[in-house]
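Note sheet for the following structure.
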Amino acid sequence: MREETQRLLQIQDDFERFRAATRMLVDLDDLILEISRIRNESASRMQISPVTPQPRPDESLPDDARAVLECVRRMGEERFRRRDVFRRLARRFKTVAAMVPALDLLEAAGYIRKVEPATEPGHPGRRRSPEYEVRL
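Pasting the structure below:
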């Protein structure tokens, strides 16, 4: 990480330095989300409740995550399904897949927590939409 920072400081062109710094931040965010996901999976396997990170100030969240968070707050429920949020924000997100990173970011930041559904083998129909618990 330090070597990458040193290389970043050696870039003379401001535009290239900005692009490289942005790439580093995106990579770091992805790494943080992955570490958080692995930690929570490990904790659930060990039957330990995961440590909830302190929520960041809303201003530091990306626009998409802030929009999802505002929607969840307006719903006023303790639990919600991904499908319900997508229906309310269908104009902003064209597909559910486009909304999932915002939900993952809110989960990593401690605003929401994914609740694992009870699996019922042989239950007809589609799987239910993932459910989240509000931790505001």
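Here the sequence shown is numbered in full-length UniProt numbering, starting from 1 and rising by one per residue. All residues carry an ideal CB built from backbone N, CA and C; glycine is no exception.
Beta-ladder partner(s) of residue i, from DSSP
| i | result |
| --- | --- |
| phenylalanine 80 | Tyr132 |
| arginine 113 | Glu133 |
CA-to-CA distance, residue j to residue i, given in whole angstroms
| i | j | result |
| --- | --- | --- |
| arginine 83 | leucine 33 | 22 Å |
| methionine 99 | phenylalanine 86 | 7 Å |
| alanine 20 | leucine 8 | 7 Å |
Short Cβ contact (7 Å threshold) for residue i with residue j
| i | j | result |
| --- | --- | --- |
| alanine 67 | leucine 105 | no |
| glycine 129 | arginine 81 | The amino acid occupying residue 129 in the given sequence is serine; glycine does not appear at that position. Going by C-beta atoms, serine 129 is nearer than 7 Å to arginine 81. |
| serine 36 | alanine 108 | yes |
As assigned by DSSP and simplified to three states, the class of residue i
| i | result |
| --- | --- |
| arginine 91 | coil |
| aspartate 14 | helix |
| arginine 39 | helix |
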